[in-house]
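Working notes for the structure below.
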Amino acid sequence: MGAILSCRARNCELYEISQGEACKRQRTSSSFYEENPRLIPSLPDEISIQILARLPRICHLGVKSVSRSWKAAIVSPELYKVRKELGTTEEWLYVLTKVEDDKLMWYALDPLSRKWQRLPPMPNLNGEEGYVPIRDFTDSESPYLLGGFLGKLHVITKDANHNIAVMQAERHNDSSSLPSTSSTPLDESSNSAGSESNVWKVIATRRAGSEELINCQILDI
1 MGAILSCRAR
11 NCELYEISQG
21 EACKRQRTSS
31 SFYEENPRLI
41 PSLPDEISIQ
51 ILARLPRICH
61 LGVKSVSRSW
71 KAAIVSPELY
81 KVRKELGTTE
91 EWLYVLTKVE
101 DDKLMWYALD
111 PLSRKWQRLP
121 PMPNLNGEEG
131 YVPIRDFTDS
141 ESPYLLGGFL
151 GKLHVITKDA
161 NHNIAVMQAE
171 RHNDSSSLPS
181 TSSTPLDESS
191 NSAGSESNVW
201 KVIATRRAGS
211 EELINCQILD
221 I
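Take a look at the structure:
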């Protein structure tokens, strides 16, 4: 009788030990998965990066909120490298404005969707929150001329309604509107044929209020 009871006790101990080891392995595998998750389950990360690289940049802000691994992937140099190889990088316009207390704010314009995004505050070299290490803007309200944005001429300025306006120049050939006659002298017709003018079109605006237009630049990311 005693032998039977001792055997049962040993079996219970072995069961408890095996159950404890199984729970320990489960906890270990769970922590490993949390530290090293796949971007997309059942897919290699190389394929997932290829998928993320094809998403428009306007989606990146929402994509970063999916998980920590997705956020890290979106801001990684690897994603930019793949986007450049695929030819999916996009030119965005970045506008710097100054508000009260000389606080500087960046805004990004997606020219395809014509949507603005406010960027998070950027610290300066001293670590002051909300400031950018750029100083001494004497002509902050002057219009900005951009020659290489989307391969066209652009002007960024603040209009009379206190809006920041992005204007795009469309080349217009004046000779197309002139009637063609055989009596037109050769030199005059050649001059008119080469005459072009810019037709300006507002492609995006943003309410600025009392904000000052400080700086503009283009990034292809």
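In full-length UniProt numbering, the protein residues as written are 1 to 221.
Backbone N, C-alpha and C fix where the C-beta goes; we use that ideal spot for every residue, glycine too.
Quick caveat: nothing in here was measured; it's all calculated off a predicted structure.
Does the beta-carbon distance from residue i to residue j come in below 8 Å?
i, j, result
"L96", "I214", "yes"
"A204", "H162", "no"
"residue 227", "Q168", "Nothing can be reported for residue 227, as the shown portion of the chain is limited to 1 through 221."
"Y80", "I221", "yes"
"I74", "K84", "no"
"F149", "E91", "yes"
"E170", "V202", "no"
"K115", "I58", "yes"
Per the DSSP calculation, residue i is bridged to which residue(s)?
i, result
"I156", "Y144, V166"
"A208", "Note: A208 sits in no beta bridge, so no partner."
"V99", "Partner(s): none; V99 has no beta bridge."
Taking the alpha-carbon of residue i as reference, which of the options has the nearest alpha-carbon?
i, options, result
"Y107", "I156, P77, P37, L55", "I156"
"E100", "L112, S113, S210", "S210"
"Y144", "C216, K84, I40", "C216"
"I51", "I40, E212, L61", "I40"
"Q117", "L150, W200, A53, L61", "L61"
"T89", "A53, D102, C59, M105", "A53"
"Y94", "V66, L86, P111", "P111"
"K98", "I164, F149, L55, R38", "I164"
"S69", "R38, C59, V82, L86", "R38"
"I47", "A160, V82, P56", "V82"
"A72", "I58, P44, I49", "I49"
Along the chain, where does the beta strand (DSSP E) containing residue i start, and where does it finish?
i, result
"R118", "115-118"
"A108", "104-110"
"L219", "212-220"
Whole alpha helix (DSSP H) elements within the region 43-96, 4-residue minimum: 45-52, 60-63, 68-74, 77-86
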